[in-house]
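One structure below.
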Amino acid sequence: MLILGIETSCDETSAAIVKDGKEVVSSIVLSQNTLHGEFGGVVPEIACRAHLEAITGVIDKALLDAKIQLKEIDAIAVVNTPGLIGALLIGVTAAKSLSMILDVPLIAIDHLHAHIYANNLEYNDIVYPAISLVVSGGHTILFLSEGETRHIPLGWTIDDAAGEAFDKVSKILGLGYPGGPVIDRLAKCGNQHAVAFPRAYLEKDSLDFSFSGLKTAVLYYYKGQDSKLSKSVTAGDQDAADIAASFQEAVVDVLVEKTFLASRMYNARAILTGGGVAANSRLRQRLKDKSKEMTTPVYYPSALLCTDNAAMVAGLAYKKYLEGDISGLDLEAIP
Ligand code: KG4
Ligand code: ZN
165 MLILGIETSC DETSAAIVKD GKEVVSSIVL SQNTLHGEFG GVVPEIACRA HLEAITGVID
225 KALLDAKIQL KEIDAIAVVN TPGLIGALLI GVTAAKSLSM ILDVPLIAID HLHAHIYANN
285 LEYNDIVYPA ISLVVSGGHT ILFLSEGETR HIPLGWTIDD AAGEAFDKVS KILGLGYPGG
345 PVIDRLAKCG NQHAVAFPRA YLEKDSLDFS FSGLKTAVLY YYKGQDSKLS KSVTAGDQDA
405 ADIAASFQEA VVDVLVEKTF LASRMYNARA ILTGGGVAAN SRLRQRLKDK SKEMTTPVYY
465 PSALLCTDNA AMVAGLAYKK YLEGDISGLD LEAIP
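Residue numbers for the sequence shown follow our numbering, so the first one is 165 and each next one is one higher.
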């Protein structure tokens, strides 16, 4: 069964064709990073217009790469929640139109569940229940995953998302957008013990997160430095590398601690990760180390499947299709 997936929830216009929920036949991701870069974050109106301009071309390219004609597609999958409302609407409208014209089923996908499914695209040995950590630019959330399509939220961020904190700290340091990959690279040359930034664990056994205090601590530390740091640091500065490494370690400490706390609380047999921040090399290393200690396997998608893409959408749609979870043309976009 060939499913065409569409993803436009944030700042990537993406279309992919996946066979039987597993084989990625083609995957096109058009990033809007250069459009949002000068603003240090995603501007919803710009995102929405860019999706509109790109969507038909991206779908055409996915078909072309797959050497598949539109009439061979068996179902259309689309992310309808959560995301920027204007951005979601572009994908949902395109998907509804295709479903109607081709007379094939329409399958609605939750963006966060799709991030978790990115693991199922690449691994066959995942056992449940699992704890799933989704960490992206818009979300930081822990789920109890009972299967590929069943995810119960356990805790989430009460303010900034982890990726948002990476992006804002990068902006503070004048290092560009998106901040995650830059800080990840820079931190490799820095000392993670250089600055004792705060870790917000919240109340005992809480599975919620908070990153806004950490972001403010970085801002105050940076502004409070002597004058040589008050202009933008550059990626080659040791001070910048030390701040990046210390900030990253504070984020990673909290993510690892709470993920394994959830794993113990729910007797998880696996830990799944997803979302752009799951590409972070330090987070992956620390989860791997802890996984050995706790003997609970940790899975992460390859870097290209961590960030937003439609392959994870089309993949999960196949499982939902098998469960008879089909949507009507009255499907709504829900921010
Ligand atoms: O999942 P994603 O592509 O979009 C959302 O659903 O939000 O995640 C984008 C986020 C951005 O905040 C970006 O800075 C962050 O993921 N990110 C990273 C890394 N790569 C991307 N954060 C930390 N380390 C990375 N290597
Ligand atoms: Zn995402």
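Here a beta-carbon is modelled for each residue, glycine too, at the ideal position from N, C-alpha and C.
Original post:
For the candidate residues Glu187, Gly205 and Arg450, whose alpha-carbon lies nearest to that of Tyr281?
Top reply: Within the sequence shown, the letter at position 117 stands for residue 281. Here the closest residue by C-alpha is Glu187.
Original post:
Since Gly246 and His215 are thought to touch, with beta carbons under 8 Å apart, how far apart are those beta carbons, to the nearest angstrom?
Top reply: As a first step, residue 246 is located in the sequence shown; it is residue number 82 there, counting from the start. As a first step, residue 215 is located in the sequence shown; it is residue number 51 there, counting from the start. Position check: residue 246 holds Pro in this sequence, whereas Gly was assumed. Incorrect: roughly 16 Å between the Cβ atoms, too far for contact.
Original post:
In its own chain, which residues sit with a C-beta less than 7 Å from the C-beta of Val333, not counting the 5 before and 5 after it?
Top reply: Counting from 1 along the sequence shown, the entry for residue 333 is found at position 169. Taking Val333 as the centre and dropping the five residues before and after it, the same chain places the C-beta of Gly343, Ile347, Lys379, Val382 and Phe411 closer than 7 Å to its C-beta, in chain order.
Subject >> Local Cβ density within 10 Å of Arg450, reported as buried at 16 or more and exposed below that >> reply: Start at 1 with the first residue of the sequence shown, and residue 450 comes out as number 286. Buried.
Subject >> DSSP state of Ala500 mapped onto helix, strand, coil >> reply: No answer is possible for residue 500: it lies beyond the span of the chain, which begins at 165 and ends at 499.
Subject >> Close Cβ partners of Ser391 (< 6 Å) along its chain, the five nearest in sequence each way excluded >> reply: As a first step, residue 391 is located in the sequence shown; it is residue number 227 there, counting from the start. Here the model assigns Ser391 a pLDDT of 43, short of 50, so the residue's position is not dependable, and the following value carries that caveat. So no residue of the chain qualifies.
Subject >> Neighbourhood of Lys484 by C-beta distance below 7 Å, restricted to the same chain and skipping five residues each side >> reply: One-based indexing of the sequence shown puts residue 484 at position 320. These residues qualify, in order along the chain: Ile271 and Thr313.
Original post:
Closest by CA to Asp494, which one among Thr257, Asn283, Asp472 and Leu194?
Top reply: Translated into positions along the sequence shown, residue 494 becomes position 330. Checked all of Thr257, Asn283, Asp472 and Leu194; the closest Cα to Asp494 is Thr257.
Original post:
Tell me the DSSP bridge mates of Lys352?
Top reply: Here residue 352 refers to the residue found at position 188 when the sequence shown is read from its first residue. None; Lys352 has no bridge partner.
**OP:** Can you tell me which of the three DSSP states Val346 falls into?
**Re:** Stepping through the sequence shown from its first residue, residue 346 is reached at position 182. Helix at Val346.
**OP:** Specify which residues have a beta carbon nearer than 5 Å to any heavy atom of ligand 2, listing them in chain order.
**Re:** This criterion selects Ser300 and Asp472.
Original post:
Are there 16 or more other CB atoms within 10 angstroms of the CB of Tyr384, so buried, or fewer, so exposed?
Top reply: Within the sequence shown, numbered from 1, the residue matching residue 384 stands at position 220. By the 10 Å Cβ count, Tyr384 comes out exposed.
**OP:** Using only the heavy atoms of ligand 1, determine whether one of them is closer than 7 Å to the beta carbon of Phe330.
**Re:** What you label residue 330 is simply residue 166 of the sequence shown in a count that begins at 1. Checking every heavy atom of ligand 1 against the Cβ of Phe330, one is found closer than 7 Å.
Original post:
Candidates Tyr482, Asp453 and Tyr463: which alpha carbon is nearest Ala442's?
Top reply: Reading the sequence shown from its first residue, position 278 is the one you call residue 442. With distances taken between Cα atoms, Ala442 lies closest to Tyr463.
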